Structure formats: structure tokens, C-alpha cells
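Colleague:
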Amino acid sequence: MFKISFKFFTLIVLAMFIAACTGTNNKPVIKFSEDSSSIILKNFDATSLLQAKNAYSAGGDSLNLVSVVLLPAETDSLQDQVAINGTYTFAGDSLIFTPYKAFEKNKRYLIESYIDAKFANAGKLFSGTIKQNLQPQKQILKR
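When the letters of the sequence shown are read in order and numbered with mature numbering (1 follows the signal peptide of the UniProt record, and there is no 0), they come out as residues -26 to -1, 1 to 117.
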């Protein structure tokens, strides 16, 4: 009886440990640079960063792993979202997006990144929150 109870207790502790470890906050960080001339994406996992570097070195401008969109003002119902074009460069463990035209003051920008996006992990499996499609990391920045 004691062996069965001990095995069951060990299994429960192990499952809780795995669920706790998968909930760490290792989401990518998306922010403006110090002078607000570019957007920095960092805190990627090493394999995701390597895959992104390989994709962009193979001419991945059309991959849309990262997109930057100018959002309309909250009171403006006529303006559409406008995609911002620019260059992507890798510096260490960061991806830097520099637009061809400077970011405008008091405007909001939506950044969506599929780099390091996860479809499902043990925490989502246990909680039952798995989605049917891959969800990008989203961040709204205001200059």
C-alpha cells in the first residue's frame, strides 16, 4: 500500500513540477530603441533565433515572420491600417527593425512576431487552452 501511495505522490509532484516549469515568462520582448528610430525584438529562444536568421539569410523578406503596422487613431474611422516597410538586421540575440521612413510621433504601431511562437506546450495541454492555429506575439507601441 505504501509503495502505491508513494508512486502516486511522486507522479503528482512530477506533473506539478513540469506544469510549473512550462509557465515561465520567456516571451519575446518588443520595444522601441532608445532614440525611437527602430524596434527591437529580443529574448528569443536560441533555436527560434537560429531558424529566423537562416530564413532571412535565404531571402526571407517575404516570410512575414515580423510585421509592423501603423494603427489608425482611435477617433479616426476612415483610415486603414498601413504596413510599414523597413529592413531587418540581427545583432546578437536581437532582431532590429528599422523603417525606411521614420516613425511618427503620437502614433500607435502594432508589431506581430511569429518568431518563437509556440503552438502548444504542457501548460496549455493541462489547462485545455490549446488554439487551432499558431498565435503571434503581439505588442502595441506608441511613439
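For glycine and all other residues, C-beta sits at the position ideal for the given N, C-alpha and C.
Quantities reported herein were computed from a predicted structural model and do not represent experimental measurements.
Which residue comes first and which comes last in the beta strand (DSSP E) that contains S51?
Modeller: What you label residue 51 is simply residue 77 of the sequence shown in a count that begins at 1. Note, S51: premise wrong, no beta strand (DSSP E); not H, not E.
Colleague: Over what stretch of residues does the alpha helix (DSSP H) that includes A26 continue unbroken?
Modeller: Position 52 of the sequence shown, counted from the first residue, corresponds to residue 26. Run containing A26: A20 to S31, per the alpha helix (DSSP H) assignment.
Colleague: Relative to the C-alpha of L44, which candidate in K92, K75, K1 and L(-16) has its C-alpha closest?
Modeller: The count along the sequence shown starts at 1 and reaches residue 44 at position 70. Measuring from the Cα of L44, the nearest candidate turns out to be K75.
Colleague: Tell whether a beta-carbon distance below 7 angstroms holds between I89 and S22.
Modeller: The residue given as residue 89 occupies position 115 in the sequence shown. The residue given as residue 22 occupies position 48 in the sequence shown. Against a cut-off of 7 angstroms, the Cβ pair of S22 and I89 comes out as a contact.
Colleague: Between I70 and I14, is the Cβ-Cβ spacing less than 7 angstroms?
Modeller: In the sequence shown, counting from the first residue as 1, residue 70 sits at position 96. In the sequence shown, counting from the first residue as 1, residue 14 sits at position 40. Yes, Cβ-Cβ distance for I70 and I14 is below 7 angstroms.
Colleague: Can you tell me the Cβ-Cβ gap for L39 and A26, rounded? I've got them flagged as a contact below 8 angstroms.
Modeller: Locating residue 39 in the sequence shown gives position 65, where the first residue counts as 1. Locating residue 26 in the sequence shown gives position 52, where the first residue counts as 1. That pair is a contact at about 6 angstroms.
Colleague: Closest to F18 by CA distance: which of A65, I114, N107 and G102 is it?
Modeller: Mapped onto the sequence shown, residue 18 falls at position 44. Put simply, of A65, I114, N107 and G102 the residue whose alpha carbon is nearest the alpha carbon of F18 is A65.
Colleague: For T72, I'd like the list of residues in its chain whose CB is within less than 6 angstroms of its CB, leaving aside the five on either flank, ordered along the chain.
Modeller: Residue 72 sits at position 98 when you count from the first residue of the sequence shown. Contacts found: S12, G60 and T61.
Colleague: Let's see if you can read the secondary structure: which residues bound the beta strand (DSSP E) around S41?
Modeller: If you number the sequence shown from 1, residue 41 lands on position 67. From DSSP, the beta strand (DSSP E) with S41 extends over V40 to L45.
Colleague: Can you give the Cα-Cα distance for D67 and D9, rounded to whole angstroms?
Modeller: The residue labelled residue 67 in the question sits at position 93 within the sequence shown. The residue labelled residue 9 in the question sits at position 35 within the sequence shown. Going by the C-alpha atoms only, they are around 20 angstroms apart.
Colleague: Measuring CA to CA, which of I104, G102 and L84 is closest to R117?
Modeller: Taking the sequence shown and counting its residues from 1, one reaches residue 117 at position 143. Of I104, G102 and L84, the residue nearest in Cα terms is L84.
Colleague: I need the DSSP call for I89, collapsed to helix, strand or coil.
Modeller: The residue given as residue 89 occupies position 115 in the sequence shown. Note: I89 maps to coil in three-state DSSP.
Colleague: Rounded to a whole number of angstroms, what is the C-alpha to C-alpha distance between I114 and I(-15)?
Modeller: Working through the sequence shown from its first residue, we reach residue 114 at position 140. Working through the sequence shown from its first residue, we reach residue -15 at position 12. Each residue's Cα considered, the two are about 40 angstroms apart.
Colleague: I need the straight-line Cα distance from Q55 to E48, nearest angstrom please.
Modeller: Taking the sequence shown and counting its residues from 1, the one referred to as residue 55 is at position 81. Taking the sequence shown and counting its residues from 1, the one referred to as residue 48 is at position 74. Cα to Cα, the separation comes out at about 12 angstroms.
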